[in-house]
Each structure stands twice: as structure tokens, then as C-alpha cells.
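Asks: Going letter by letter, the sequence shown gives residues -22 to -1, 1 to 400 in mature numbering (1 follows the signal peptide of the UniProt record, and there is no 0). Where is the CB? At the ideal position from N, CA and C, for every residue including glycine. If you're wondering where the values come from, they're calculated on a predicted model, not measured in any experiment. Following this message is one structure expressed as C-alpha cells.
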Amino acid sequence: MKKISKIKYHLILASALILAFASCKKDTKNGVLVGSNGTPTISSVRTISKSTIDSSRTSTYHYYKSNGTDSVVVQQNLNPVVTAFDSTTTTGKIGNYYAAIGTHLGSVTKITLNGINVIFNRALASDNSVIFSIPSNTPYVQPQSNTLVITTLYGSVTYSFTTLPPAPSVTSASDYNFTSGTQISLKGTGLSFVTAIKLQNTTDAVTIVSKTDTSMIVKMPSSTVSRAVLSFTYTSGTNSLHTASTLEFINIDKAYQIFANGALQNAWTTNSWASPSGPSANAPSKSGLGSFVATYPAGGWQIEGFANYYPSFTYDISYKYLTFWVKGGVADHTLVLVGDKMKGGDNQVQNANAYAAQLIKAPKNVWTYYKIPLTNAATVSTTTSLNFWETGKTATTLRFFLQGMSGDVNETLYFDEVMFVK
């Protein structure tokens, strides 16, 4: 369906372009557009399409049952529809199409926005108009020249036109877990235009410590939610708009902790085959308070991790994720996550026999974050969701198996912020 919608988008957009400018006379020589002999002018810039959702539109589908009877289903339109849109503007958004209207534009050879070259199609140009889209690398952080420059064979013209910032987006974070006062570094785009942040669907304000357009440091609030995305308020021209991040952040204080804040929690203990293993305040850490050390001797088959034989950890359908950070050693490794109530049990499950949700890749010398979805019932099993309670509803171990091979080096890996999250 997404592929069909994308094709429809481009077909409708192409139709809008053709209809909008089919009436414009083109000056050609031997079939080549040359334009009239004169200094170019721009009188206005217009939008040429818009995307809207018209929920009053419906689609009717006929399904035939095995007995031959006809079943009719009517569905509302919830997909955006691209339509022609002719409106004069002095601002533009990255990725959108616009038409510069004026005179002597037919021989256009170059278009720039704030000094950046703009790709355009001369086949869609006439002596009175030229169509362009705003490329993603157009500068928008002020101060800028805020100019559209069109160059033809007979001169150039400069027009005041402002490229609006994109909606802020976050592509990565220094941590995805927080407590009150935690400072997190965000990477993304459009961040300099953010004026306020809160945890979505709450009134819990996130403090902006510093920001550039591609990075931001924030201080997280005290909150009663277990997890949330960030809700941004930002400026775009004269408008104040809202959007949300796609990355979700976990409230450590509301999670079921196995290892967090530099210590074992909720009666969990070290359950490892090798030494030294266990909590260390001096070990590398995401939280800054130490981490859980896992030692894997060369050439061996080794299991490292945690146990809670009493009161143990009982199945609860409200838990949605198992999350943790792992820091790799001197070589890349793939661990297998095992537990006494998981498929295969708390045994040496080889990589080839593990399902996808069990395989934990630990690239060398870097921290890697895992947020593994849990199955929604103790009896359900899938390859991409972890069934931590498949063979029983009272789990007592969670460990990481490394299948050693000849020639391996001694390895030390580190785990931090190991939690089950609702």
C-alpha cells in the first residue's frame, strides 16, 4: 500500500505541474527552449501543490466469502492526497515544489537559494515561469541572505525568499534512559529552532541546556511515566508548531531494575562462571556510576549474568521491553541471551540455534543499546520478540552466553542499566 501511495503521489504531482503551466507559451529554437532576449524578472513565487487528508472521502471494497456471498467494506481515506495549490508565498519548505513567476525566464541556466545550487527541470519551464524544489542542503539557520537567484543567458535576478527550518528530528542520543536531572545529548536536525520540550502527553518540562541546529543537551524532569517520546515546540517563520521525536526514553525509576545506578537491584545477584565478574564502581559506565563486569576467558564457552532465586521475577503482561547497554571488548562478538524459563533454558545455546531476539551483537570498544520487545503472553513465541517466561511464569536467571572458539582472546564486556520496562 505504501508503494502504491507513493506512485499516486508522484503521478498527481506531475499532473499538477502540467496543468499549472500548460498554458504558458514557450520560446524555442530548433525545439530547444531559449527564452526571450531580456533581463529576467521575478514578480512572485507560488506553491504548486499541497498534501491534505480528506476523511470524508471513502473507498468501497468487495470481498467474496467461501460460500460465494458478497461482503462490502467501506473505509475512510486516511492517506494524504496531493492536489494543485496556487498560492503566492515568500517562504518555502525543504522538499516542496515552487514556481517562480516573471518574465524572460525561458533561458534559465542556474538557480540558487542562499547560495546553494537548486536542481530544476527546463522541460517544465516557460518564459514566464520556472519550477524548482528546495534541496535538503539549503541553509536555513539565520542569518542568511534569504535570496532566490535565477540566472539566464541574458542576466540574473534576485528575489527575497526565506527557506523555513524543517521540523526538529532526533537521530541519536547519548542515553535512552533517565532519572530526574539526567543530562542527555541529542543529535539531529532543526534543533536550533526548538523553544520548548516536554515528555509527550504530560506536563513534565524538559530543560534545554544548550543547542545548535544539529545537537542539543537537555536535562530530564521528574516524571511518573515509565517511557515517553519528546514533544517539541518550535518556530517556523511566524508560526509556533509542534512535533514529536521518534526515539523513546525510559524512566529508570519506573522500571523493574536488575542492574542500574551502579548496583544490583531487587535481590538480583551475580551468577557468572568466570572471575572477576559482577558490579564494579570503577568499570566503564553509561550512567557514570559503574557497571556490571562480564569476563569471558579465551577459548572457553562461557555464561555471565544475573540470578534471583528468591523472590524471583514473576511474569507480568504489562512488561513490554527488556533494555540494557553492553560495551564490547577487543573484538566483535555475538552473545546469546538465555534464561531459565526461556526456550532452550539457561544453557549453552549456540548462535545457530538461537532465535533473532536472543542474539546480542557487541561491537568492539563501543556501547550498544538494546530495547528488546517482549511477547504479550507467556505462551506466545516469535522470532523477533523475547519470550522470557515460555516454560514457566517464575524466572530466576538472565545471562549472556558467548560461544568461544580456538584463538579467542580474553574478553571483558560491560553491562549497564539492565531493566524490564512497562
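Between the region 348 to 367 and the region 241 to 248, do three or more beta carbon pairs fall short of 8 Å?
Replies: Contact fails: fewer than three Cβ-Cβ distances are below 8 Å.
Asks: Alpha carbon to alpha carbon, what distance is there between Ile230 and Met194?
Replies: Between Met194 and Ile230, the C-alpha separation is close to 21 Å.
Asks: Rounded to whole angstroms, what's the CA-CA distance from Ala330 to Ser255? Just pull it up for me.
Replies: Approximately 26 Å, taken between the alpha carbons.
Asks: Since Thr70 is in the beta strand (DSSP E), which residue starts that stretch and which ends it?
Replies: Note on residue identity: the sequence assigns Gly, not Thr, to residue 70. Gly70 -> beta strand (DSSP E) spans Thr69 to Lys71.
Asks: Count the other CB atoms, across all protein chains shown, that sit within 10 Å of the CB of Leu313; report buried if there are 16 or more and exposed otherwise.
Replies: Classification for Leu313: buried.
Asks: Decide if Thr374 is buried, meaning its Cβ has at least 16 other Cβ atoms within 10 Å, or exposed.
Replies: Answer is buried; the Cβ neighbour count reaches 16.
Asks: Looking at the structure shown, is Gln161 part of a helix, part of a strand, or coil, going by DSSP?
Replies: DSSP places Gln161 in strand when its eight states are reduced to three.
Asks: Nearest by alpha-carbon distance to Ala183: which of Pro199, Thr192 and Val172 is it?
Replies: The shortest C-alpha separation from Ala183 is found at Pro199.
Asks: When the Cα of Thr130 is compared with those of Thr141, Leu142 and Val108, which residue comes out closest?
Replies: Measuring from the Cα of Thr130, the nearest candidate turns out to be Val108.
Asks: Can we say the region 211 to 225 touches the region 266 to 274, given the rule of at least three CB pairs closer than 8 Å?
Replies: Output reads no: the region 266 to 274 does not touch the region 211 to 225.
Asks: Report yes if the CB atom of Leu142 is closer than 7 Å to the CB atom of Ser65, and no otherwise.
Replies: Not a contact, by the Cβ cut-off of 7 Å.
Asks: Tell me, please, whether the region 147 to 160 touches the region 94 to 108 by the rule of three or more beta-carbon pairs shorter than 8 Å.
Replies: No, because fewer than three Cβ pairs between the region 147 to 160 and the region 94 to 108 fall closer than 8 Å, the two stretches do not touch.
Asks: Three or more beta-carbon pairs under 8 Å between the region 77 to 94 and the region 124 to 138, yes or no?
Replies: Contact between the region 77 to 94 and the region 124 to 138 is present, because at least three Cβ pairs lie under 8 Å.
Asks: If we count the other Cβ atoms within 10 Å of its Cβ and call it buried at 16 or more, is residue 424 buried or exposed?
Replies: The shown model of the chain, from -22 to 400, leaves out residue 424, and the question about it has no answer.
Asks: So what does DSSP say about Gln381, is it helix, strand or coil?
Replies: Reduced to three states, the DSSP call for Gln381 is strand.
Asks: Where are the alpha helix (DSSP H) runs, 4 residues long or more, that stay fully inside the region 184 to 229, in chain order?
Replies: Whole alpha helix (DSSP H) segments, 4+ residues: zero.
Asks: For Ser258, which three-state DSSP category applies?
Replies: The answer is strand: DSSP assigns Ser258 an E or B state.
Asks: Quick test of the definition: if touching needs 3 or more C-beta pairs under 8 Å, does the region 93 to 103 touch the region 112 to 125?
Replies: As far as the Cβ criterion goes, the region 93 to 103 touches the region 112 to 125, which means the pair count is three or higher.
Asks: Alpha carbon to alpha carbon, how far is Lys3 from Tyr76?
Replies: Bear in mind that the predicted position of Lys3 carries a pLDDT of just 47, short of 50, making it unreliable; the figure below should be weighed with that in mind. The straight-line gap from Cα to Cα measures roughly 19 Å.
Asks: Give me the residue from Thr185, Lys197, Ser204 and Glu368 with the minimum Cα distance to Asn179.
Replies: Of the listed residues, the one whose Cα sits closest to Asn179 is Ser204.
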